[in-house]
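If you're matching positions, the sequence shown starts at 1 in UniProt numbering and goes up one per residue.
Cβ atoms here follow ideal geometry from the backbone N, Cα and C, with glycine treated the same way.
Down below is the structure, laid out as structure tokens.
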Amino acid sequence: MPTPPWARSAAGANTYDHAAARVLPTVYERTTAASQAAGAINLGQGFPDAEGPHWMRQTAAAAITSEVGPTNQYPPGIGLPAFREAVAEHQQMHYGLTLDPQQQVLFTTGATEGIAASILAFADPGSEVVTFEPWYDSYGAMVALAGAALHTVPLTAPNFRPDVAALRAQVSDRTSMILLNSPHNPTGTVFTAEEITEIVEIAREAGAVVMSDEVYEHLVFDESVHTPVLSVPGAEEVAVAVSSVGKSFSMTGWKVGWVTGSAELVNRVRGVKQFLSYTSAPAYQWATAEGLRDDRGFFAANQVQLENSRELVMAGLEAAGLRAYRPAAGYFVLADVSAVTAKSAADYAAELIQHAGVGAIPVSTLTLPSTQRDAASELNHLLRFAFCKDEQVLERAMSRLGQWIR
Ligand SMILES: Cc1ncc(COP(=O)(O)O)c(C=O)c1O
Numbered sequence: 001m002p003t004p005p006w007a008r009s010a011a012g013a014n015t016y017d018h019a020a021a022r023v024l025p026t027v028y029e030r031t032t033a034a035s036q037a038a039g040a041i042n043l044g045q046g047f048p049d050a051e052g053p054h055w056m057r058q059t060a061a062a063a064i065t066s067e068v069g070p071t072n073q074y075p076p077g078i079g080l081p082a083f084r085e086a087v088a089e090h091q092q093m094h095y096g097l098t099l100d101p102q103q104q105v106l107f108t109t110g111a112t113e114g115i116a117a118s119i120l121a122f123a124d125p126g127s128e129v130v131t132f133e134p135w136y137d138s139y140g141a142m143v144a145l146a147g148a149a150l151h152t153v154p155l156t157a158p159n160f161r162p163d164v165a166a167l168r169a170q171v172s173d174r175t176s177m178i179l180l181n182s183p184h185n186p187t188g189t190v191f192t193a194e195e196i197t198e199i200v201e202i203a204r205e206a207g208a209v210v211m212s213d214e215v216y217e218h219l220v221f222d223e224s225v226h227t228p229v230l231s232v233p234g235a236e237e238v239a240v241a242v243s244s245v246g247k248s249f250s251m252t253g254w255k256v257g258w259v260t261g262s263a264e265l266v267n268r269v270r271g272v273k274q275f276l277s278y279t280s281a282p283a284y285q286w287a288t289a290e291g292l293r294d295d296r297g298f299f300a301a302n303q304v305q306l307e308n309s310r311e312l313v314m315a316g317l318e319a320a321g322l323r324a325y326r327p328a329a330g331y332f333v334l335a336d337v338s339a340v341t342a343k344s345a346a347d348y349a350a351e352l353i354q355h356a357g358v359g360a361i362p363v364s365t366l367t368l369p370s371t372q373r374d375a376a377s378e379l380n381h382l383l384r385f386a387f388c389k390d391e392q393v394l395e396r397a398m399s400r401l402g403q404w405i406r
């Protein structure tokens with residue numbers, strides 16, 4: 001592992017070029033750039049083609065340009081009062097959770113800052129942090145920056161369910177944190193209340209903090225139900241939850257996020273957060289508050305749309321000869337390429353961009369280097385396809401894949 005902090009952070013997320021000793025863009029940006037250069041359809045980066053609710057955008061615009069809502073000056077570092085009240089209201093309305101908006105809700109610049117601040121707040125240097133693999137790339141970067149070591153438990157096909165006993169075996173008195181992500185990116189697994197309860201129990205026994213990343217909380221399909229970490233017994237003592245506007249309202253550029261938990265743990269996260277961004281755009285907090293108080297049917301309509309898109313992509317990938325796994329949440333389908341190539345998914349992804357004209361993310365970029373070297377790991381044969389795109393775009397992409405692969 002390289003030693004300067006910048007290189008540790010980059011290497012932790014597989015974005016350090018060892019030969020050149022330089023930082024690479026994230027895998028999402030690399031896939032987007034390669035897709036653009038090759039004229040490929042980009043199903044790599046997870047952002048929707050459709051814009052979020054027009055009425056929320058109007059509220060943000062009005063807040064910036066008129067006397068309605070907050071001014072354009074610094075809002076409080078912990079977030080606008082109206083925003084924190086709306087987060088608390090949302091947690092009550094959807095999950096029956098009672099939070100004090102003054103002390104138990106912290107605004108963050110996207111979930112990404114909430115993740116960073118939580119990890120930097122609780123991952124002691126020299127300690128171990130445990131998560132399920134594949135993981136969201138910023139976890140790897142922040143754990144490495146904190147000077148901790150990331151240990152993983154694989155989620156394996158076909159169901160990608162968490163092996164809680166394997167997690168227990170990884171956790172020891174050296175463990176400072178468990179990073180939980182449900183609904184999970186990129187597998188789409190929705191952890192059950194029982195699984196989350198056990199994970200919280202493991203953390204309590206080990207004296208570790210749980211950071212629960214719940215950004216896909218409103219993109220849950222079929223009969224699956226999202227369980228917020230703070231709804232399980234004992235979680236308040238050990239867990240903080242992170243979420244954001246980006247996925248729930250199709251506004252990934254707004255970067256409005258929030259951390260919730262006990263007053264004590266949220267205060268500790270603040271100790272880091274207020275020296276990262278301090279705060280950001282009050283207009284977006286204001287408009288997000290409006291959406292959180294009443295989504296006006298957006299969540300349900302978006303879910304139906306995404307379910308249709310999921311089926312379109314599932315059918316297209318299977319018709320092309322790939323083994324696709326139907327996700328219960330989120331906006332990604334994982335597909336195993338080993339039926340059509342002996343190459344790794346990383347090599348195959350590069351070919352798909354160049355020759356089939358479709359960009360996808362190799363799941364191995366969201367794993368530890370040791371997993372990438374493990375020839376037996378099925379994670380090296382998986383590609384992640386985003387389906388939060390216009391139907392015509394998805395149809396074209398699937399048709400290109402079908403023609404090239406078959
Ligand atoms: C699991 C997970 N957590 C966090 C984020 C980042 O959220 P935000 O854009 O609010 O920073 C993403 C975005 O893709 C994600 O997939």
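Inset, instruction - Find out if the Cβ-Cβ distance for the pair residue 82, residue 289 is shorter than 8 Å. - result: In the sequence shown, counting from the first residue as 1, residue 82 sits at position 82. In the sequence shown, counting from the first residue as 1, residue 289 sits at position 289. Going by C-beta atoms, residue 82 is nearer than 8 Å to residue 289.
Legend entry - beta strand (DSSP E) segment containing residue 181, residue limits: Here residue 181 is taken as the residue at index 181 of the sequence shown, counted from 1. Here the beta strand (DSSP E) through residue 181 covers 175 to 181.
Inset, instruction - With a threshold of 16 other CB atoms inside 10 Å of the CB of residue 275, please say whether the residue is buried or exposed. - result: Walking along the sequence shown from the start, residue 275 turns up at place 275. Exposed, because fewer than 16 other Cβ atoms sit within 10 Å of the Cβ of residue 275.
Inset, instruction - Return the chain-ordered ranges of every beta strand (DSSP E) run that is complete within the stretch 255 to 280 and spans a minimum of 3 residues. - result: 257 to 261, all fully within the stretch 255 to 280.
Inset, instruction - Could you tell me which residues DSSP pairs with residue 151 in its beta bridges? - result: On the sequence shown, residue 151 is found 151 positions in, with the first residue counted as 1. DSSP, once it has assigned bridges, lists 130 as partnering residue 151.
Inset, instruction - On the DSSP bridge assignment, give the partners of residue 359 in chain order. - result: For the purposes of this step, residue 359 is taken as residue 359 along the sequence shown, with counting starting at 1. The partner list for residue 359 (beta bridge, DSSP) reads 42.
Inset, instruction - Report yes if the C-beta distance between residue 269 and residue 123 is below 8 Å; otherwise report no. - result: For the purposes of this step, residue 269 is identified with residue 269 of the sequence shown, where counting begins at 1. For the purposes of this step, residue 123 is identified with residue 123 of the sequence shown, where counting begins at 1. One thing to note: residue 269 has its Cβ no nearer than 8 Å to the Cβ of residue 123.
Legend entry - Beta carbon of residue 12 nearer than 8 Å to that of residue 144: The residue labelled residue 12 in the question sits at position 12 within the sequence shown. The residue labelled residue 144 in the question sits at position 144 within the sequence shown. Yes, the Cβ-Cβ distance between residue 12 and residue 144 is below 8 Å.
Legend entry - Pairwise C-alpha distance: residue 377 and residue 158: Stepping through the sequence shown from its first residue, residue 158 is reached at position 158. Stepping through the sequence shown from its first residue, residue 377 is reached at position 377. If you draw a straight line from the Cα of residue 158 to the Cα of residue 377, it is about 13 Å long.
Legend entry - residue 236, buried or exposed, once every other Cβ within 10 Å from all chains shown has been counted against 16: Looking up residue 236 in the sequence shown gives position 236. When all chains shown are included, residue 236 counts as buried.
Inset, instruction - Please confirm whether residue 107 and residue 279 have their CB atoms less than 8 Å apart. - result: For the purposes of this step, residue 107 is taken as residue 107 along the sequence shown, with counting starting at 1. For the purposes of this step, residue 279 is taken as residue 279 along the sequence shown, with counting starting at 1. The answer is yes: Cβ separation under 8 Å.
Legend entry - residue 223 versus 191, 200, 230, residue with shortest Cα-Cα distance: The residue given as residue 223 occupies position 223 in the sequence shown. When only C-alpha atoms are compared, the closest one is 191.
Inset, instruction - Give the single residue among 302, 321, 353, 317 whose Cα lies nearest to the Cα of residue 329. - result: For this step, residue 329 is matched to residue 329 along the sequence shown. Comparing alpha carbon positions, the residue from 302, 321, 353, 317 closest to residue 329 is 302.
Inset, instruction - Determine the DSSP secondary structure at residue 296, reduced to helix, strand or coil. - result: Taking the sequence shown and counting its residues from 1, the one referred to as residue 296 is at position 296. Residue 296 falls in the coil class under three-state DSSP.
Inset, instruction - Report yes if the CB atom of residue 385 is closer than 8 Å to the CB atom of residue 43, and no otherwise. - result: Within the sequence shown, numbered from 1, the residue matching residue 385 stands at position 385. Within the sequence shown, numbered from 1, the residue matching residue 43 stands at position 43. Against a cut-off of 8 Å, the Cβ pair of residue 43 and residue 385 comes out as a contact.
Inset, instruction - Determine the contact status of residue 180 and residue 331, defining contact as a CB-CB distance below 8 Å. - result: Stepping through the sequence shown from its first residue, residue 180 is reached at position 180. Stepping through the sequence shown from its first residue, residue 331 is reached at position 331. Result no, Cβ atoms of residue 180 and residue 331 do not sit closer than 8 Å.
Legend entry - heavy atom of ligand 1 below 7 Å from residue 42 C-beta: Within the sequence shown, numbered from 1, the residue matching residue 42 stands at position 42. No.
Legend entry - Buried versus exposed, by CB contacts within 10 Å (16 or more), residue 251: Walking along the sequence shown from the start, residue 251 turns up at place 251. Residue 251 comes out buried.
Legend entry - ligand 1 heavy atom lying under 7 Å from the CB of residue 49: Position 49 of the sequence shown, counted from the first residue, corresponds to residue 49. Checking every heavy atom of ligand 1 against the Cβ of residue 49, none is found closer than 7 Å.
Inset, instruction - Return the Cβ separation of residue 300 and residue 401 in integer angstroms, given the expectation that the two are a contact with Cβ distance under 8 Å. - result: Counted from its first residue, the sequence shown places residue 300 at position 300. Counted from its first residue, the sequence shown places residue 401 at position 401. Not quite, the Cβ-Cβ distance comes to about 30 Å (not below 8 Å), so this is no contact.
Inset, instruction - Would you mind sorting residue 136 into buried or exposed? The rule is 16 or more other CB atoms within 10 Å of its CB. - result: Taking the first residue of the sequence shown as 1, we reach residue 136 at position 136. It counts as buried.
Legend entry - Nearest-angstrom Cβ-Cβ length linking residue 255 and residue 109, presumed shorter than 8 Å: Indexing the sequence shown from 1 puts residue 255 at position 255. Indexing the sequence shown from 1 puts residue 109 at position 109. A Cβ-Cβ separation of about 5 Å places residue 255 in contact with residue 109 under the 8 Å criterion.
Legend entry - Segment contact, 8 Å Cβ cut-off, at least three pairs: the stretch 382 to 396 with the stretch 68 to 77: With the rule of 3 Cβ pairs closer than 8 Å, the stretch 382 to 396 does not count as touching the stretch 68 to 77.
Inset, instruction - Return the CA-CA distance between residue 119 and residue 9, expressed in angstroms with no decimal places. - result: Against the sequence shown, residue 119 aligns to sequence position 119. Against the sequence shown, residue 9 aligns to sequence position 9. The straight-line gap from Cα to Cα measures roughly 12 Å.
Legend entry - Three-way DSSP call (helix, strand, coil) for residue 167 in this model: Taking the sequence shown and counting its residues from 1, the one referred to as residue 167 is at position 167. For residue 167, the secondary structure class from DSSP, reduced to helix, strand or coil, is helix.
Legend entry - Rounded straight-line distance, which links the Cα of residue 34 to that of residue 361: Taking the first residue of the sequence shown as position 1, residue 361 is located at position 361. Taking the first residue of the sequence shown as position 1, residue 34 is located at position 34. Rounded to the nearest angstrom, the two C-alpha atoms are 11 Å apart.
Legend entry - Local Cβ density within 10 Å of residue 93, reported as buried at 16 or more and exposed below that: Counted from its first residue, the sequence shown places residue 93 at position 93. Within a 10 Å sphere around the beta-carbon of residue 93 sit fewer than 16 other beta-carbons, which makes this residue exposed.
Inset, instruction - Would you mind stating whether residue 88 and residue 101 have Cβ atoms separated by less than 8 Å? - result: Within the sequence shown, the letter at position 88 stands for residue 88. Within the sequence shown, the letter at position 101 stands for residue 101. Going by beta carbons, residue 88 and residue 101 fall inside the 8 Å limit.
Inset, instruction - Using 7 Å as the cut-off, classify the Cβ of residue 115 as near or not near the heavy atoms of ligand 1, replying yes or no. - result: Stepping through the sequence shown from its first residue, residue 115 is reached at position 115. Taking non-hydrogen atoms of ligand 1 into account, the C-beta of residue 115 is found less than 7 Å away from one of them.
Inset, instruction - Flag residue 343 as yes when its Cβ comes closer than 7 Å to any non-hydrogen atom of ligand 1, and as no otherwise. - result: Here residue 343 refers to the residue found at position 343 of the sequence shown. It does not: the Cβ of residue 343 is nowhere closer than 7 Å to a heavy atom of ligand 1.
Inset, instruction - Report all residues from its chain with a CB closer than 6 Å to the CB of residue 417; omit the five preceding and five following residues, and keep chain order. - result: This structure gives no information on residue 417, because the portion of the chain shown stretches from 1 to 406.
Inset, instruction - Would you mind listing the alpha helix (DSSP H) stretches within the stretch 48 to 125 that are 4+ residues and don't spill past its ends, in chain order? - result: Qualifying alpha helix (DSSP H) stretches, in chain order: 54 to 65, 81 to 95, 110 to 122.
Inset, instruction - With a cut-off of 8 Å on the beta carbons, I'd call residue 141 and residue 175 a contact; round off their distance for me. - result: In the sequence shown, residue 141 corresponds to position 141, counting from 1. In the sequence shown, residue 175 corresponds to position 175, counting from 1. The beta-carbon distance between residue 141 and residue 175, rounded to whole angstroms, is 19 Å. This is too long to meet the 8 Å contact definition.
Inset, instruction - Taking all protein chains shown into account, decide if residue 238 is buried (16 or more other Cβ within 10 angstroms of its Cβ) or exposed. - result: Residue numbering aside, residue 238 sits at position 238 when the sequence shown is read from its first letter. It counts as buried.
Inset, instruction - Evaluate residue 148 with the Cβ neighbour count: other Cβ atoms within 10 Å of its Cβ, from every protein chain shown; 16 or more gives buried, anything less gives exposed. - result: As a working note, residue 148 is residue 148 in the sequence shown. Buried.
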